[in-house]
Amino acid sequence: MTASQRYLSRLRDGRSVWLQGKIVEDLPSHPAFAGTIQTICALLALQDDPASQPSLTFSPPDTGKPANLAYLVPGSKEEVLQKETAYRIWSEKTFGMMSRLSDYSRSLLTGWYASRHVLGGSDGKFADKIDRYYRLSRDQDLFSTTALHDPQVDRSKLSSQFDDPHTHLRIVRETEDGIIVRGAKMIATGAPYYDEIFVYPFHRRPQSEARYATMFAVPVATKGVHIVCRESFASENAEDHPLSSRFDEMDAVVVFDDALIPWERVFIKDDPEAIWRLRQDPVAVALSQQPTVVRLLQKLEFVAAIGHELACTIGARQYLHVQEKLGELIIQAETIRALLLAARERAKPNQYGVWLPAVEPLTTARNLGSRYYPRALEIIQQIGAGGFLQVPSALAELNGPIGPFIQKYYRGAEVQAETRLKLFKLAWDLIGSPLASRHELYERFYSGDPVRTYASQYAGYDRQELIQTVWELAKSDAR
Ligand SMILES: Cc1cc2nc3c(=O)[nH]c(=O)nc-3n(C[C@H](O)[C@H](O)[C@H](O)COP(=O)(O)OP(=O)(O)OC[C@H]3O[C@@H](n4cnc5c(N)ncnc54)[C@H](O)[C@@H]3O)c2cc1C
Numbered sequence: 000m001t002a003s004q005r006y007l008s009r010l011r012d013g014r015s016v017w018l019q020g021k022i023v024e025d026l027p028s029h030p031a032f033a034g035t036i037q038t039i040c041a042l043l044a045l046q047d048d049p050a051s052q053p054s055l056t057f058s059p060p061d062t063g064k065p066a067n068l069a070y071l072v073p074g075s076k077e078e079v080l081q082k083e084t085a086y087r088i089w090s091e092k093t094f095g096m097m098s099r100l101s102d103y104s105r106s107l108l109t110g111w112y113a114s115r116h117v118l119g120g121s122d123g124k125f126a127d128k129i130d131r132y133y134r135l136s137r138d139q140d141l142f143s144t145t146a147l148h149d150p151q152v153d154r155s156k157l158s159s160q161f162d163d164p165h166t167h168l169r170i171v172r173e174t175e176d177g178i179i180v181r182g183a184k185m186i187a188t189g190a191p192y193y194d195e196i197f198v199y200p201f202h203r204r205p206q207s208e209a210r211y212a213t214m215f216a217v218p219v220a221t222k223g224v225h226i227v228c229r230e231s232f233a234s235e236n237a238e239d240h241p242l243s244s245r246f247d248e249m250d251a252v253v254v255f256d257d258a259l260i261p262w263e264r265v266f267i268k269d270d271p272e273a274i275w276r277l278r279q280d281p282v283a284v285a286l287s288q289q290p291t292v293v294r295l296l297q298k299l300e301f302v303a304a305i306g307h308e309l310a311c312t313i314g315a316r317q318y319l320h321v322q323e324k325l326g327e328l329i330i331q332a333e334t335i336r337a338l339l340l341a342a343r344e345r346a347k348p349n350q351y352g353v354w355l356p357a358v359e360p361l362t363t364a365r366n367l368g369s370r371y372y373p374r375a376l377e378i379i380q381q382i383g384a385g386g387f388l389q390v391p392s393a394l395a396e397l398n399g400p401i402g403p404f405i406q407k408y409y410r411g412a413e414v415q416a417e418t419r420l421k422l423f424k425l426a427w428d429l430i431g432s433p434l435a436s437r438h439e440l441y442e443r444f445y446s447g448d449p450v451r452t453y454a455s456q457y458a459g460y461d462r463q464e465l466i467q468t469v470w471e472l473a474k475s476d477a478r
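Okay, structure coming up:
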């Protein structure tokens, strides 16, 4: 079986994926999922292809079988680059539009595995459990996602302050086989068509909230686990919606209705400080930020290219303010490229010999991305202006009864109507479609509330050197 055949067969496992009030019976053929699943299959085919396999996989010494490079614990600067290259190949194929291809969660897992001897709670079982789980995930090439946030019911309350203590996810009882959990978690992008979900709290919890501080991995097809999808933004019309037809990564809330999580999958239980150590683990943080920044760069380049083509197509490139805006798009992409390069060049081994890209440039890039992307979409709007609505409802109208009008009035500066319309349809899918709004929201929020991620970059920054120069000057003035 090929990798994509194995993936498709795993999707037919009786999972409870809810859309429009019904369980989706067959994900690969359902219009809301088919395009995205086909995209994933095409990426998996690259892993099987002898030409691209060496760039996307490595051979773990214990199996010798090709495994996705996200699972590699880098032992040299070259391997840091090797991982980056693999992420770039998948990002290029998806124009940076697929943000949760599991490279993020697989990298988290790889980080926890690399740090397994210093993470975990007082039961001392973390290292063994994560070791086994890492190998399972790596060897079966499992796709995973995360569901880390409590449902947004009332953000002024602690989890324990709700009338129903299981509004936020919590253990109901413990049995010989494992823990029974009830409550909901959000937002698990890709959960409907991935294999596994990592669940733990994103924010630091006080000790008094220990019952809400458990970490586990759950197969999507677990009894009592319901994947509740948002409305689908997928389109079956690839001609008019080239992005929505291929790249709608479904977002979902995960509802746990007394689901059993076996002990071997419960990595940390009722331990806020152990979870917080895991959240801050430098290996998991560095490894997981690398793919997100690679993807961001790809997406910003894609937007810059579309901006340039739009300006050329409507003859607006000559205007200075348009060039200034196109320059801003290039500056965005080049800034992120430079930060990625800095992260790689400043890569260092930690005390256990794991080579890590430098985190500061990666965090800077990720934080900039939450402001760059909405601004990039704004620039595309300013360049395309009313032209986004100077499009017929379907490309097929080019050949219909009013085709001659469309050929005449919808053409570009130096291109036929068909070329101009294809470009504008693509650009609209990027900035104006439901998928586009979702992407803007994603870039603002995917790595946390930007207010708190900026503040946390400041709080965690080594300010000693900065401060020193100020006081050197201030003291010398005083003399
Ligand atoms: C498209 C998309 C995909 C996502 N995919 C995933 C995923 O795959 N896995 C996953 O785990 N998460 C995912 N997320 C969730 C994402 O991490 C969160 O949206 C983000 O961390 C913000 O949390 P929230 O949405 O709960 O916002 P809230 O925390 O509810 O914030 C709402 C507003 O209240 C303010 N606020 C709330 N509490 C505080 C506070 N204590 N201090 C200051 N201000 C506060 C915020 O600043 C904000 O303005 C995704 C989100 C989006 C939009």
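Counting along the sequence shown from 1, when you hit position 151 you're at 150 in numbering that gives the first Met the number 0, and nothing is skipped either side.
Note that CB positions come from ideal geometry on N, CA and C, so glycine has one too.
Keep in mind it's a predicted model, so treat the numbers as computed, not measured.
The continuous alpha helix (DSSP H) containing Pro360 extends over residues Val358 to Gly383. DSSP, read as helix, strand or coil, puts Ser143 in strand. Straight across, the Cα-Cα distance linking Arg14 with Tyr211 is about 25 Å. Bounds of any beta strand (DSSP E) do not take in Phe387, whose DSSP letter is neither H nor E. Only residues of its own chain outside the window of five on either side were considered, and among them Ser54 have a CB closer than 7 Å to the CB of Thr84, listed in chain order. Cys228 has Ala251 as its beta-bridge partners, per DSSP. In the pairwise beta carbon analysis, the stretch 145 to 163 is classified as not touching the stretch 116 to 136: fewer than three pairs are separated by under 8 Å. Using a Cβ distance threshold of 8 Å, Phe142 and Asp194 count as a contacting pair. Looking from the CA of Ile335, the closest CA among Ala304, Arg294 and Gln467 belongs to Arg294.
Here the alpha carbons of Leu472 and Leu465 stand approximately 12 Å from one another. Measuring C-alpha to C-alpha distances from Thr35 to each of Tyr192, Ala435 and Gly447 identifies Tyr192 as the nearest. For Glu195, no alpha helix (DSSP H) segment is defined; the enclosing uninterrupted segment is the beta strand (DSSP E) at Glu195 to Val198. Looking at Ile186, Ala237 and Ile378, the one whose alpha-carbon comes closest to that of Ala395 is Ala237. Here Leu397 is not bridged, per DSSP, to any residue.
Thr56 is positioned such that its CB atom lies no closer than 8 Å to that of Leu42. Distance from Leu429 to Leu242 at the Cβ level is roughly 6 Å; contact confirmed, criterion being Cβ atoms closer than 8 Å. In this structure, ligand 1 has a non-hydrogen atom nearer than 7 Å to the beta-carbon of Phe444.
The Cβ-Cβ distance between Glu248 and Arg99 falls below 8 Å. Within a 10 Å sphere around the beta-carbon of Gln317 sit fewer than 16 other beta-carbons, which makes this residue exposed.
The stretch 264 to 281 makes contact with the stretch 177 to 189; the number of CB pairs closer than 8 Å reaches 3 or more.
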